[in-house]
Amino acid sequence: MIFNVVYKNEHDLINDIKHSPNTITALEKEQLAKSITKLYVSYGLPAFYVQVRFTEDTPGTAFVGGETHPNFVALTIYHIARAFKSDESKQRFLADVDAILNPVFESKGMDWEYWITEVSRDLWKLNGLVPPPTGSEGEKKWAELNKAVKL
Numbered sequence: 688m689i690f691n692v693v694y695k696n697e698h699d700l701i702n703d704i705k706h707s708p709n710t711i712t713a714l715e716k717e718q719l720a721k722s723i724t725k726l727y728v729s730y731g732l733p734a735f736y737v738q739v740r741f742t743e744d745t746p747g748t749a750f751v752g753g754e755t756h757p758n759f760v761a762l763t764i765y766h767i768a769r770a771f772k773s774d775e776s777k778q779r780f781l782a783d784v785d786a787i788l789n790p791v792f793e794s795k796g797m798d799w800e801y802w803i804t805e806v807s808r809d810l811w812k813l814n815g816l817v818p819p820p821t822g823s824e825g826e827k828k829w830a831e832l833n834k835a836v837k838l
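Numbering (our numbering), first residue to last: 688 to 838.
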């Protein structure tokens, strides 16, 4: 995916994907994780900032409209390292997420929803370290090493 430079360095981090039992295969999980990571890297984030976690709901533990749903996915996206700077960047990012999710879930006849929560960057640490400022040499070093290290 190619993105306009205007949107660089505006996003980030944990993607928590909860789904009905037996709805997403191991291969689909791996492909989704790689596509989601690639999306964030295209926006300028170090790959290791991106976490994608899949949780299969136990039957009878997730309900939609008061009833169990056999084919549902709920995604929570936490942005910590970056925040949206404009409504335009929000809409662009949502479209990019849709381009990843829609083909997978539509082809399986699934229902899904996602939402994004932005968390203050000053409440975030990795391995007990305060992340270097956005675009700094320290962040570039972390990206190069693909892990948090003391600088």
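For glycine and all other residues, C-beta sits at the position ideal for the given N, C-alpha and C.
Annotated as proximal: H706 and E743, with beta-carbon spacing under 8 Å. Of the candidates Y727, V836, A713, Y727 places its Cα closest to the Cα of A768. For N789, the three-state secondary structure derived from DSSP is helix. R740 sits in a strand when the DSSP states are folded into three classes. DSSP places Y727 in the helix class (H, G or I) of the three-state scheme.
Per DSSP, L832 is one residue of the alpha helix (DSSP H) stretching across 824-832.
The criterion of a C-beta distance shorter than 8 Å is satisfied by I704 and R740.
Contact between N833 and A720 is absent: CB atoms are separated by about 15 Å, not below the 8 Å threshold. Around the beta carbon of N702, a 10 Å sphere encloses 16 or more other beta carbons of the protein chains shown; the residue is thus reported as buried. Taking the Cα positions, K837 is about 40 Å away from F792. The beta carbon of G747 is closer than 8 Å to those of T755 in its chain, skipping five residues each way along the sequence.
In the DSSP assignment, the residues bridged to I704 are F741, L762. By the neighbour-count definition (other C-beta atoms within 10 Å, threshold 16), P818 is a buried residue.
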